[in-house]
Amino acid sequence: TEWLATHGYVVSAPDHPGNTLADTFLLGNDEAVAQSAMDRPLDVVFAADELLAGLDGLPLEVDPARMAVSGHSFGGWTALEVARIDARFGVVFPLAPGFKAGATPDFVATLDRPLAIFGGSLDDTCEFATDQQLPYDLAQTPKHLVKVLGAGHLDFSNLCDVPLAVLFVNDGCNAQNVEPAIVQDRTKVVAAAFLGRYLLGNEGYEPYLQPAWVEGLGNNEYSRSAP
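Okay, so the sequence shown: first residue is 286 according to my numbering, each after it adds one.
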């Protein structure tokens with residue numbers, strides 16, 4: 286989110302009450318997870334409404350025709366669900382999304398908007414084949430899929446810097462497989478090009494979404510399908 290802000294995007298990154306890192310001990314509770322699955326998309330929609338209404342206290346105006354949504358893990362699923370329920374979000378790029386507690390990726394086929402999915406080849410929490418490859422296969426075009434080689438689940442966020450997170454989720458943050466900074470660099474570069482191309486409509490970003498260029502960055506396998 287900080288990287289995107291440096292590119293001039295207005296970024297809102299709300300916490301989800303009841304499902305934050307401080308609520309770690311509740312995350313294994315089925316009831317709490319189910320409640321969070323209902324609340325999280327509504328949190329994002331509420332934050333967008335506040336931004337558009339100018340009620341967030343920021344001295345700027347947000348363009349309602351240029352809104353994207355992203356998230357990591359549970360947040361990745363949240364981003365997809367937000368796109369399903371709110372057509373204002375015209376671009377979606379989830380990071381290592383997961384489909385748990387009865388959720389399935391079937392609905393991704395109904396999202397008629399640009400999609401970029403990021404995942405790790407060694408993710409044990411949200412496995413690449415079922416949680417990233419499958420929704421990519423189901424999705425409409427234009428769609429993009431970045432598989433970062435050696436990446437585990439936590440590598441896509443800064444949670445590798447949080448000892449408590451690593452203690453509870455032993456998935457990633459292993460420099461012998463890949464440096465977390467490399468995973469984040471690949472994500473940032475491709476995400477910036479994706480947003481420039483589809484959110485801003487700038488075709489000058491198209492060369493940076495071509496397979497030869499993305500895979501030339503190293504440490505990744507890349508697929509895309511665009512009309």
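From the three backbone atoms N, C-alpha and C, an ideal C-beta is built for every residue, glycine too.
- The beta carbon of V454 sits closer than 8 Å to those of T410, H438, L439, L444, all from its chain and outside the five residues before and after it, given in chain order.
- Less than 8 Å divides the Cβ of P379 from the Cβ of S355.
- Look at P492 here: in three-state DSSP terms it is helix.
- Bridge pairing for M352: F374 [DSSP].
- The three-state secondary structure of K473, taken from DSSP, is helix.
- The three-state reading of DSSP puts Y294 in coil, since its state is none of H, G, I, E or B.
- Residue range 505-510 is occupied by the beta strand (DSSP E) that includes R509, with no alpha helix (DSSP H) assigned at that position.
- Under the three-state reduction of DSSP, G361 is assigned to helix.
- Excluding its 5 nearest sequence neighbours in each direction, A332 has C-beta neighbours in its own chain below 7 Å: S297, P299, listed in chain order.
- DSSP places A307 within a helical segment (H, G or I) once states are collapsed to three.
- By the Cβ-count criterion, H292 is exposed, with fewer than 16 other Cβ atoms from all chains shown falling within 10 Å of its own Cβ.
- Around T395, the same chain offers no residue with a beta carbon nearer than 6 Å, after the five sequence neighbours per side are excluded.
- Within the stretch 438-463, the alpha helix (DSSP H) runs of at least 4 residues that lie entirely inside it are, in chain order, 448-453.
- A check of alpha carbon separations from V468 across K432, G360, R482 identifies K432 as the nearest.
- Taking 8 Å as the cut-off, the Cβ atoms of Q425 and D397 count as close.
- For the 8 Å CB-CB criterion, R373 and P349 form a contact.
- Taken atom to atom, the span from the alpha-carbon of V318 to that of A368 is near 20 Å.
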